[in-house]
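Each remark here refers to the structure printed beneath this line.
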Amino acid sequence: MKKRILLVGDTAIFPPGISGTVSERGYEVNTLPRTVDPARVDWQSADVLVAEHSSGFDPFPVCDPARKANPSLPAIFVTA
């Protein structure tokens, strides 16, 4: 069973090509835009949340609902 990673942020930080590279190693990667509506994401099936944290983007409006929906979801913040 593949682990599911959700990337939230700018495509300059999470380029589209990352999905193929990581998938070969047993991970399913889904890239979500900064403008994602947290209510429309299936947080329960996610194993890891990786979010951009930069001066141009505050990830907490996305991450807080994600952690409420899946309290055991690890969150990693990447600074651009």
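The sequence shown lines up with residues 0 to 79 when you count with numbering that gives the first Met the number 0. By construction, the Cβ of each residue, glycine as well, lies at the ideal position given by its N, Cα and C atoms.
Check: I'd like the span of the alpha helix (DSSP H) that includes residue 2, first residue to last.; Outcome: Run containing residue 2: none in the alpha helix (DSSP H); it sits in the beta strand (DSSP E), 2-7.
Check: Looking at residue 37 and the ligand ADP, is the gap between the Cβ and the nearest heavy atom below 7 Å?; Outcome: This structure lacks the ligand ADP; in fact it carries no ligand of any kind.
Check: Rounded to whole angstroms, what is the Cα-Cα separation between residue 51 and residue 65?; Outcome: 14 Å
Check: Using the Cβ count rule (16 or more neighbours within 10 Å means buried), how would you classify residue 75?; Outcome: exposed
Check: Assuming residue 49 is part of the beta strand (DSSP E), what are its boundary residues?; Outcome: 47-52
Check: What's the C-alpha gap between residue 60 and residue 27?; Outcome: 23 Å
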